[in-house]
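Trainee: Chains A and B, in that order, are what the protein sequence lines are. Residue numbers are given in numbering that gives the first Met the number 0: position 158 of the first sequence equals residue 157, and the series is strictly consecutive. Residue numbers are given in numbering that gives the first Met the number 0: position 105 of the second sequence equals residue 104, and the series is strictly consecutive. We put the beta carbon where it would ideally sit given N, CA and C, even for glycine. Here the structure is a predicted model, which is why all the values come from computation and not from measurement.
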Amino acid sequence: MDVLSPPEIEALLLSLKVSAVGVGCALPFATLAAAALARSRFPGKSLIDAALHMPLVLPPVVVGYLLLLVFGTRAPVGAWLLEHAGLRFVFSWTGAALASGLITFPFQVRAIRLAIGAIDSGLGEAAETLGAGRTDRLVNLILPLALPGIVTGAITAFAASLGEFGAIITFVSNIPGETRTLPLAIYSALQAPGGEVEAARLSVMSIALALAGITLSEVVDRRARHLVGQ
Amino acid sequence: MSIDIEVRHAFGDFALHANFQVGAGLTAMFGPSGSGKTTTINAIAGLLRPEYGRIVLNGRTVFDSNAGIFVPSRDRRVAYVFQEARLFPHMTVETNLRFGWRRAPSRLTEPEIHRIVELLGLESLLARRPRNLSGGERSRVALGRALLSSPEILLLDEPLAALDAARKAEILPYLEHLRDSVRLPILYVSHSLEEVSRLADQVVVMQRGRSVASGTVFDVLTDLALPDVTGAAPYGTVFDAEIRDHHAADGITILDFAGGILVVPLLSRPIGMRLRVRVAAEDVMLAIEEPVQISANNILAGSITDIRTTERHADVRLLCGQTPFVARITRASRERLSLAAGMRVFAIVKSVTVAPQIDPLGR
Chain A
0 MDVLSPPEIE ALLLSLKVSA VGVGCALPFA TLAAAALARS RFPGKSLIDA
50 ALHMPLVLPP VVVGYLLLLV FGTRAPVGAW LLEHAGLRFV FSWTGAALAS
100 GLITFPFQVR AIRLAIGAID SGLGEAAETL GAGRTDRLVN LILPLALPGI
150 VTGAITAFAA SLGEFGAIIT FVSNIPGETR TLPLAIYSAL QAPGGEVEAA
200 RLSVMSIALA LAGITLSEVV DRRARHLVGQ
Chain B
0 MSIDIEVRHA FGDFALHANF QVGAGLTAMF GPSGSGKTTT INAIAGLLRP
50 EYGRIVLNGR TVFDSNAGIF VPSRDRRVAY VFQEARLFPH MTVETNLRFG
100 WRRAPSRLTE PEIHRIVELL GLESLLARRP RNLSGGERSR VALGRALLSS
150 PEILLLDEPL AALDAARKAE ILPYLEHLRD SVRLPILYVS HSLEEVSRLA
200 DQVVVMQRGR SVASGTVFDV LTDLALPDVT GAAPYGTVFD AEIRDHHAAD
250 GITILDFAGG ILVVPLLSRP IGMRLRVRVA AEDVMLAIEE PVQISANNIL
300 AGSITDIRTT ERHADVRLLC GQTPFVARIT RASRERLSLA AGMRVFAIVK
350 SVTVAPQIDP LGR
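Structure below.
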């Protein structure tokens, strides 16, 4: 009873892998997007800002459907990736990671953008008079000072990504060992007769993971702030 | 070694028109808050791109609106010490200090770095983080960070404004030392005439976005139009002097200056030392004939160059040798003596009023 069954362990490890890869791959893009939104002015900025926040308000099923339209094996991008890079998202855990990363992208952008926006712009001016160019300032000043926001953004996104259901089941289906993450495993357990106990065990695990994620982000945020001198 | 600037810039209802040329040494940019001082040095530093004009630093054109030249801040070799220090909070003092040094096209050597660290008394702070520093320490680190970047020009925006009197007293000697030991043009923004009179070689006066006067500190501080900017009484006479002799038995010291000699109460400083002297306008008396049998030790012959009358006073500017003096007298005295520009007069300065105004310059 207190030991998880092999399929449950499989679902747990898969969930962790999918979220880690999805959020990890999205992080650099989220950071750049946040830096651009926080520090630059360019035409169409509010449009891009709105587009980046779409996953937050769209039904996840719609996101999954759109992913199918773009990355399906017969869709233009999907076909090209399969032919040239041997990369297939559909029915694969990488597709689940893509969906998770995309859905939680706004979480990361918002947290990092807030952190960058809170940095005193006078520090950038000081760095510039001391000979630091744009990239130099981004790498040596903005990113280190935004570190608390970057880390908390990533951890929050990771915790939220563990719960992703709609986009994953729509885009990559519910394949045990490949795309059946925790929420999908809970759903499957409830669909099977007598699966309530398994569903309950998996749910408790999900709650524990979410709590751990939130707590960890608080702790890491405090440590990171101290580290960057705040 | 020069700064040559002529720029115009407007934002909202504020219009900047800065136009002045200054050479080596320390130039104070003086004016009330909102007069355009910081805007002007932001333009010199390249943090602001003015609408019109040109800026030439040490013979290099860094901005020219007609020719479309705008050298970005990072390539101007201008070190800027901001009012709030702006140290990088995630770096130690040492990393802060070396930030500009690492990016400089020509780097100071380790002994040169050590000399600046020592000059500013930073040795014991190197491993600390900015949040653990006092206000005075932060100012010193910011100054060191600027100097280590091997700048061609040093801009200081009220580096003392955020400090209390004790911290100011701690930093001022460093600034004086810096002015005399580092061969850099320094532009020093200040709204304190005390700082200006103590530190500056040259002064640019800003008012409502315009540079209204510029010249040597001695000329500008005795300019009778200055009270229009300060809204206060004339600042008085400031000049550099050298200790010629001490007469301990009589309790006096004799100073040499461009306008002659000045007798002051006995100083405990070595002969030959340079000093800056201030004589308040209220402490100068005027006479048409050379007075005799008078207690005052200093009777200086000069000629009147300018007179300004206010509601109660007449401010008289005269030249004693090369040194301009200002005397503030009543309008009644001016009428009684029929004072006018061009007249020969005698300025009488009581020694005891001079002594407290002396600051050691250490030059």
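Could you please give me the residues that DSSP links to Asn-18/B through a beta bridge?
Mentor: Mapped onto the second sequence, residue 18/B falls at position 19. Answer is Glu-5/B.
Trainee: Please indicate yes or no: does the CB of Arg-224/A lie closer than 7 Å to some heavy atom of the ligand PLP?
Mentor: The model on display carries no ligand, and the ligand PLP is accordingly not part of it.
Trainee: Compare the C-beta of Gly-99/B against all C-beta atoms of chain A and say whether one is closer than 8 Å.
Mentor: As a position in the second sequence, residue 99/B is number 100, starting the count at 1. Output row for Gly-99/B: interface = yes.
Trainee: How about Val-227/A and His-89/B: are their beta carbons less than 8 Å apart?
Mentor: Here residue 227/A refers to the residue found at position 228 when the first sequence is read from its first residue. Here residue 89/B refers to the residue found at position 90 when the second sequence is read from its first residue. For Val-227/A and His-89/B, yes; Cβs fall inside 8 Å.
Trainee: Nearest-angstrom Cα distance between Val-171/A and Arg-179/A?
Mentor: Walking along the first sequence from the start, residue 171/A turns up at place 172. Walking along the first sequence from the start, residue 179/A turns up at place 180. Going from the Cα of Val-171/A to the Cα of Arg-179/A covers about 9 Å.
Trainee: Cβ of Leu-171/B within 8 Å of Cβ of Ser-138/B?
Mentor: Indexing the second sequence from 1 puts residue 171/B at position 172. Indexing the second sequence from 1 puts residue 138/B at position 139. No, Cβ-Cβ distance for Leu-171/B and Ser-138/B is not below 8 Å.
Trainee: Note down the Cα distance separating Pro-269/B from Tyr-234/B, rounded to an integer number of angstroms.
Mentor: Translated into positions along the second sequence, residue 269/B becomes position 270. Translated into positions along the second sequence, residue 234/B becomes position 235. Those two C-alpha atoms are separated by around 28 Å.
Trainee: Does the beta-carbon of Val-138/A have 16 or more other beta-carbons within 10 angstroms, so that it is buried, or is it exposed?
Mentor: One-based indexing of the first sequence puts residue 138/A at position 139. With fewer than 16 Cβ atoms within 10 Å of its Cβ, Val-138/A is classed as exposed.
Trainee: By how many angstroms is the C-alpha of Ala-49/A removed from the C-alpha of Glu-177/A?
Mentor: Translated into positions along the first sequence, residue 177/A becomes position 178. Translated into positions along the first sequence, residue 49/A becomes position 50. Glu-177/A and Ala-49/A: Cα-Cα distance of roughly 33 Å.
Trainee: Would you list the one or two residues that DSSP bridges to Ile-260/B?
Mentor: The sequence position of residue 260/B within the second sequence is 261, counting from 1. DSSP output for Ile-260/B lists Asp-255/B as bridge partner(s).
Trainee: In whole angstroms, what separates the C-alpha of Asp-222/B from that of Arg-316/B?
Mentor: Translated into the one-based positions of the second sequence, residue 222/B becomes position 223. Translated into the one-based positions of the second sequence, residue 316/B becomes position 317. Computed Cα separation, rounded: 8 Å.
Trainee: I'd like the list of long-range same chain contacts for Glu-289/B, defined as Cβ closer than 7 Å, with 5 residues on each side in sequence excluded.
Mentor: For the purposes of this step, residue 289/B is identified with residue 290 of the second sequence, where counting begins at 1. Result list for Glu-289/B: Ile-298 and Phe-345, in chain order.
Trainee: Apart from the five residues just before and just after Lys-167/B, which ones in its own chain have a Cβ nearer than 6 Å to its Cβ?
Mentor: To locate residue 167/B, count along the second sequence from 1; it is residue 168. So the list reads Leu-159, once near-sequence residues are dropped.
Trainee: Say whether chain B places a C-beta atom closer than 8 Å to the C-beta of Ile-213/A.
Mentor: The residue given as residue 213/A occupies position 214 in the first sequence. So, not an interface residue.
Trainee: To the nearest angstrom, how far is the alpha carbon of Arg-130/B from that of Gln-229/A?
Mentor: Counting from one through the second sequence, the residue named residue 130/B turns up at place 131. Counting from one through the first sequence, the residue named residue 229/A turns up at place 230. Roughly 8 Å separates the two Cα atoms.
Trainee: For Ile-2/B, count neighbouring Cβ atoms within 10 angstroms of its own Cβ and tell me buried if that reaches 16, exposed if not.
Mentor: Start at 1 with the first residue of the second sequence, and residue 2/B comes out as number 3. Ile-2/B should be labelled buried.
Trainee: Can you tell me which residues form a DSSP beta bridge with Pro-365/B?
Mentor: There is no way to answer for residue 365/B, as the model of chain B reaches only from 0 to 362.
Trainee: When you compare only the Cα positions, how much space is there between Asp-255/B and Val-262/B?
Mentor: Sequence index remark: in the second sequence, residue 255/B carries index 256 (1-based). Sequence index remark: in the second sequence, residue 262/B carries index 263 (1-based). C-alpha separation (whole angstroms): 9 Å.
Trainee: Report yes or no: is there a C-beta of chain B within less than 8 Å of the C-beta of Gly-130/A?
Mentor: Sequence index remark: in the first sequence, residue 130/A carries index 131 (1-based). Yes, Gly-130/A counts as interfacial toward chain B.
Trainee: Would you call the CB atoms of Ala-145/B and Ala-44/B closer than 8 Å?
Mentor: For this step, residue 145/B is matched to residue 146 along the second sequence. For this step, residue 44/B is matched to residue 45 along the second sequence. Not in contact: Ala-145/B and Ala-44/B (Cβ atoms no closer than 8 Å).
Trainee: Can you find a CB in chain A that lies within less than 8 Å of the CB of Glu-93/B?
Mentor: Working through the second sequence from its first residue, we reach residue 93/B at position 94. It does not; no Cβ of chain A falls within 8 Å.
Trainee: Scan the segment 264-297 of chain B and note each continuous beta strand (DSSP E) run of 3 residues or more that stays entirely inside, going in chain order.
Mentor: Entirely contained in the segment 264-297 of chain B, the beta strand (DSSP E) runs reaching 3 residues are, in chain order, 273-278 and 283-286.
Trainee: Along the segment 142-175 of chain A, what residues have a CB closer than 9 Å to any CB found in chain B?
Mentor: From the segment 142-175 of chain A, only Pro-143, Leu-144 and Leu-146 have a Cβ closer than 9 Å to chain B.
Trainee: Less than 7 Å between C-beta atoms, sequence neighbours within five positions excluded: which residues of the same chain meet that for Ser-105/B?
Mentor: Sequence index remark: in the second sequence, residue 105/B carries index 106 (1-based). Contacts found: Ser-149.
Trainee: Throw me the rounded Cβ distance for the Gly-52/B and Arg-7/B pair, which I believe falls under 8 Å.
Mentor: Translated into the one-based positions of the second sequence, residue 52/B becomes position 53. Translated into the one-based positions of the second sequence, residue 7/B becomes position 8. About 6 Å; that satisfies the 8 Å criterion.
Trainee: So which residues on chain B does Gly-121/A lean against when the C-beta distance must stay under 8 Å?
Mentor: Translated into the one-based positions of the first sequence, residue 121/A becomes position 122. Near Gly-121/A (Cβ distances below 8 Å), the residues of chain B are Phe-81, Glu-83 and Arg-85.
Trainee: Just reading off the beta strand (DSSP E) that Arg-243/B is part of, what are its end residues?
Mentor: As a position in the second sequence, residue 243/B is number 244, starting the count at 1. Note, Arg-243/B: beta strand (DSSP E), 236-246.
Trainee: Using a Cβ-Cβ cutoff of less than 6 Å, which residues in the same chain neighbour Val-92/B once the five nearest sequence positions on both sides are dropped?
Mentor: The sequence position of residue 92/B within the second sequence is 93, counting from 1. So the list reads Leu-124, Leu-125, Arg-127 and Val-140, once near-sequence residues are dropped.
Trainee: Going by alpha carbons, who is nearest to Ile-118/A out of Pro-143/A, Val-62/A and Leu-26/A?
Mentor: Taking the first residue of the first sequence as 1, we reach residue 118/A at position 119. Residue Pro-143/A is the option with its Cα nearest to Ile-118/A.
Trainee: Return the chain-ordered list of same chain residues with a C-beta closer than 6 Å to the C-beta of Val-69/A, the five sequence neighbours on each side being excluded.
Mentor: Taking the first sequence and counting its residues from 1, the one referred to as residue 69/A is at position 70. Cβ within range, chain order: Val-76.
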